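Student: One rule links them: number in our numbering = place in the sequence shown (from 1) + 110.
Positions of the beta carbon are idealized from the N, C-alpha and C atoms, including for glycine.
Owing to the predicted nature of the structure, the values given are computational and were not obtained by experimental measurement.
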Amino acid sequence: MRDIFSARSEAGTHDQNALSRSRERLVQEGRTLKELSQSNPTRVELSRDPRLFSLSSVRNNLYTPESRGLCSTRSALAAHFASLQRNIDAENLFLCASTSEGYSWLFKLLCDPGDAVLIPKPGYPLFEHLAALEHVKTIAYTLEYAHASGWYIDIESIAAALSGPEGGRVKALIVINPNNPTGSYVRHTERGPLLDLCEKYGLALISDEVFFDFPMDETVKRESFAGEQRVLTFVLDGLSKRLGMPQMKLGWIALSGPEASVSAAKRRLELIADTFLSVGTPIMNALPELLVRESEFFSRMLARIRANYAQYHEILEGYEGSPHRVLVCQGGWTALVESPAYLDEEEVAQALLEATGISVQPGYFFDFERGVHFAFSLIIPENDARAWCVEYRSFFDSLRME
Ligand SMILES: Cc1ncc(COP(=O)(O)O)c(C=O)c1O
């Protein structure tokens, strides 16, 4: 019989993996899991004033369908970014419900079915799903790690993909700045070669900067692609990470580049955005009030991220002969830990979960091909981070004894 469902929805039928099944069973048995990879900012005890801002305003009774989002909100955002020395033009901003939705709009804008985008590996699995739902292929380029100096984009792997058999179908290069889960910003020395490749092959650049303002320390060198003029550039960001409010559903896309490309892109993107008009009026009206609180939120998050990163180093590396290594992280909400391969990643994750209730995402989730890596959250409360990390270390000590 003819299949009623689309091929692109097939991923929804895949069975859960063994780790997810074990998690579910433990929860059903009444165990409280210790979420060592927690990335949901509304679940990490950041107490919030419920009167932080008001969604009840008489202005919310008015519906003004503007494809790019309310002009007043875009102007407030542009002014806010100007105060951070970031060049974003209110006229070139598109508001959307989340950065995930922003990606889907950009894939509609740039790609026909069967076209491809370049994504970093290791990287966040979300992009593959977002692309597949638009019939877009992903081709991975690699990030390589050199201890103490950190992660590097393997520019050659991008050039190879572009000159390979599917190179002609590639429409965009996606950089995550800083990348999740590697926590690495695009280096100054990488920027030129990336733009050269975009120019040479006629690619758009998509820079996901949702973690940009969470550097591990003030000396970290970071450069935004906002306002980049050499190629058609889309910078994605939103409240999900900037204010730790994914539930508010407000993200944005900032366009820049050669004028003719930007104005052509805007006209098409306007049609896409106008078809959905997905952002709620209350959150758009509340945004200026929320932005006032941003620096306070950054201070609290940065203090936590930095304290947890230091604790992980101290607990996992601060003794003679430690078999663990905390990889260099320049920013973002995740630290990668490399641990000894007493068992393979999946087995360790399972055994750790059963024995201690610690649930932590293994490296294969992010397409790591070698070694045993786990993604440790930097945003969980410091006490939990300390206690769970000590348990993690003891668990490995017990494996070594066996
Ligand atoms: C790098 C990166 N971009 C985008 C997103 C999605 O964010 P949003 O909630 O705005 O869709 C995530 C989610 O964790 C992410 O890690």
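In whole angstroms, what is the alpha-carbon distance linking Ser116 and Gly312?
Tutor: Computed Cα separation, rounded: 31 Å.
Student: Only counting runs of 4 or more residues, tell me where the alpha helix (DSSP H) segments fall wholly within the segment 164-221, in order along the chain.
Tutor: 181-193 and 209-220
Student: With contact counted as at least three CB pairs below 8 Å, one residue from each stretch, are the segment 403-420 and the segment 318-326 in contact?
Tutor: The segment 403-420, when compared against the segment 318-326, does touch it at the 8 Å Cβ threshold.
Student: Do you know whose CA, among Glu139, Arg133 and Leu162, lies nearest Glu406's CA?
Tutor: Leu162
Student: In three-state DSSP terms, what is Leu453?
Tutor: coil
Student: If you measure from the CB of Pro235, is any heavy atom of ligand 1 nearer than 7 Å?
Tutor: no
Student: Less than 6 Å between C-beta atoms, sequence neighbours within five positions excluded: which residues of the same chain meet that for Lys281?
Tutor: Leu220, Cys221 and Asp225, listed in sequence order.
Student: Please find out if some non-hydrogen atom of ligand 2 comes closer than 7 Å to the beta-carbon of Gly348.
Tutor: As presented, the structure is devoid of ligand 2, carrying ligand 1 as its sole ligands.
Student: According to DSSP, which residues form a beta bridge with Asp318?
Tutor: Ile286 and Leu346
Student: Can you tell me whether Lys497 is helix, strand or coil according to DSSP?
Tutor: Position check: residue 497 holds Ala in this sequence, whereas Lys was assumed. Looking at Ala497 - three-state DSSP - the assignment turns out to be helix.
Student: Can you tell me which residues form a DSSP beta bridge with Gln471?
Tutor: Ala485
Student: Compute the Euclidean distance between the alpha carbons of Gly442 and Tyr234, then round it to the nearest angstrom.
Tutor: 13 Å
Student: Please say whether Asp347 and Gly337 have beta carbons closer to each other than 8 Å?
Tutor: no
Student: Where does the unbroken alpha helix (DSSP H) through Lys376 begin, and where does it stop?
Tutor: Glu369 to Phe386
Student: For Arg435, name the three-state secondary structure that DSSP assigns.
Tutor: Residue state, collapsed to three classes: strand.
Student: Here's a check: name, in chain order, each residue in its chain whose Cβ is nearer than 6 Å to the Cβ of Val438, leaving out the five neighbours to either side.
Tutor: Gly260
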